[in-house]
Amino acid sequence: MSSDVVDLALYIDHLSISKAVIIENAEEYNRYFTQGKNDSLTLMTQNIRNVYRNIDELNVLLTRMKLSIDIIIHTECWLCSDRTNPVLSGYKSPPAFRDTSNFISSLDALLIQHKMHNNIIIVWDINININPDNNTTKGQADEFLSLVASHGVLPGHTFSTRNNSCLDHILLKTRCDNIVAVIKTDITDHASVLLNISKTIMRHNIEYKSVKRINYEAALAELLTTDWNFITDSADANIATIMFLSYLSIKIKCNQTTYCAKERLIRSIRRRDNLHKKCRKAPNNSELQNTYILYRNMCNSILKAAKRKYERQLLNNSVHKTKDMWDNIKRICNIRRGKTNECKELLSLSSSIDSVNIVNKYFATVGSSLAADTSANLSAELMVKKDNEKPTQTPESSFALFL
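According to the working numbering, the sequence shown is numbered sequentially starting from 2.
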């Protein structure tokens, strides 16, 4: 299995992309991670509402946390018209629409444009409530989450950031270790959200399971050609039994093939099947249907890639063995057909003379059968030509329908 397939297999069941925590006091932030030197990126998003009024409280919050924030993102930056505007690196005030279809379509196009990037971080306040307890705009949130999930982007947290709604989002597509913290502050009615992402890639200890298959035909062939004199010549029956069992064990081990399978891949197959059963029981559950479709497509793509890798390895191993090469080709193309010399039609007859007559009739009529088939094909072609030319008159006692 290639490295890409292994990576997908490792994380297909790992739906939690971040470690998310809620912090009541800013001083508790250092309990959850230790900020290293040049090995991580820390960003913060805050619905600031009014830059002049709330910027001082934001500075106090940063001082209390004792953190060096690399990127600070402000949303809803209200600027006073009678004061000098501060220098901002970027500012956009999007119009508010209750219908999110245009936004979803634009987001889909944007994610397609950047699909080649391994790490994507999306930070915003778009007023789409993705809190799991949300029932008011659940359809809107499901459509949004299904879209970003189809591009491999998942929410870093679903905690409430304003009242009981999760409006301040951090969406991630990454394999790096990261932590998302929602800090309850009184700067505005929105909580502060911080992300710390390191350069190290998440790794999990995977247990490998192996399935052993015994080639009984090969083992039996070796046993049939074995000279058993070394056992029959033994005067002690106990020693002969031990020697016999030991020899059998050796031959069985020599004719074993070990197939390794990833535990997480097997679990993913079972989870896919369980999701399918749940979907059949709840066909009107759109959220469950979308989850199953995304999971099924990802799991099937991994299985197909693993199968192609295995078949490619079979062909490479038999490149210098012509017989094995053709056997592998037939196995891969599924064209192995069992050969039989029996003819049930001939054996079912009671008289051997009748069987011989059937064989003679078959070979004697090969030419006439071939000629009849050729004539039938020519007649069919002529009929097609006649059908294409609609006749103006039809013979009597006939029925025709022209369309």
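All residues carry an ideal CB built from backbone N, CA and C; glycine is no exception.
Here F160 is buried: its Cβ has 16 or more other Cβ atoms, across all protein chains shown, within 10 Å. Between the alpha carbons of V183 and L195 lies a distance of about 7 angstroms. V181: member of the beta strand (DSSP E) spanning 177-184, first to last residue. The C-beta of S41 has 16 or more other C-beta atoms within 10 Å across all chains shown, which makes the residue buried. If you look at K200, you'll find it isn't in any alpha helix (DSSP H); it sits in the beta strand (DSSP E) that goes 193-202. Nearest neighbour of I180 by Cα position, chosen from I359, I24, A373, D355, turns out to be I24. Two segments are said to touch when three or more pairs of C-beta atoms, one from each, lie closer than 8 angstroms; by this definition the region 307-314 does not touch the region 288-296.
Taken through DSSP and simplified to helix, strand or coil, I123 comes out as strand.
By the Cβ rule, the region 185-200 does not count as touching the region 219-232, because fewer than three pairs are nearer than 8 angstroms. Membership of T46 in the beta strand (DSSP E) is indicated by the continuous run 41-48. The continuous alpha helix (DSSP H) containing D57 extends over residues 52-66.
In the structure shown, the three-state DSSP call for I70 is coil. Between D126 and N48 the beta-carbon gap is near 6 angstroms, inside 8 angstroms, which marks them as a contact. Under the DSSP assignment, K20 falls in the beta strand (DSSP E) whose first and last residues are 20-24. Between R163 and D190, the C-beta gap is smaller than 8 angstroms, which places the two residues in contact. Between R273 and L295, the alpha-carbon positions lie close to 10 angstroms from each other. Beyond the five residues adjoining it in sequence on each side, Q257 comes within less than 8 angstroms, by CB distance, of K213, R214, I215, N216 in the same chain, given in chain order. Shown here, L173 sits in a strand according to DSSP, grouped into three states. Secondary structure of I113 (DSSP, three-state): helix.
By the neighbour-count criterion, in which a residue is buried when 16 or more other Cβ atoms sit within 10 angstroms of its Cβ, V360 is exposed. The Cβ neighbour count for K362, taken over all protein chains shown within 10 Å, is under 16; the residue is labelled exposed. Taking the Cα positions, L44 is about 58 angstroms away from D328.
A straight line joining the alpha-carbon of Y53 with that of L276 spans about 51 angstroms. About 5 angstroms separates the Cβ atoms of N120 and T175, confirming a contact at the 8 angstroms cut-off.
Here S166 carries a strand assignment [DSSP, helix/strand/coil].
Between V124 and T64, the gap from beta carbon to beta carbon reaches 8 angstroms or more.
Excluding five sequence positions before and after T76, the CB atoms of its chain that fall closer than 6 angstroms to its own CB belong to N48, D126, given in chain order. Here T101 is not bridged, per DSSP, to any residue.
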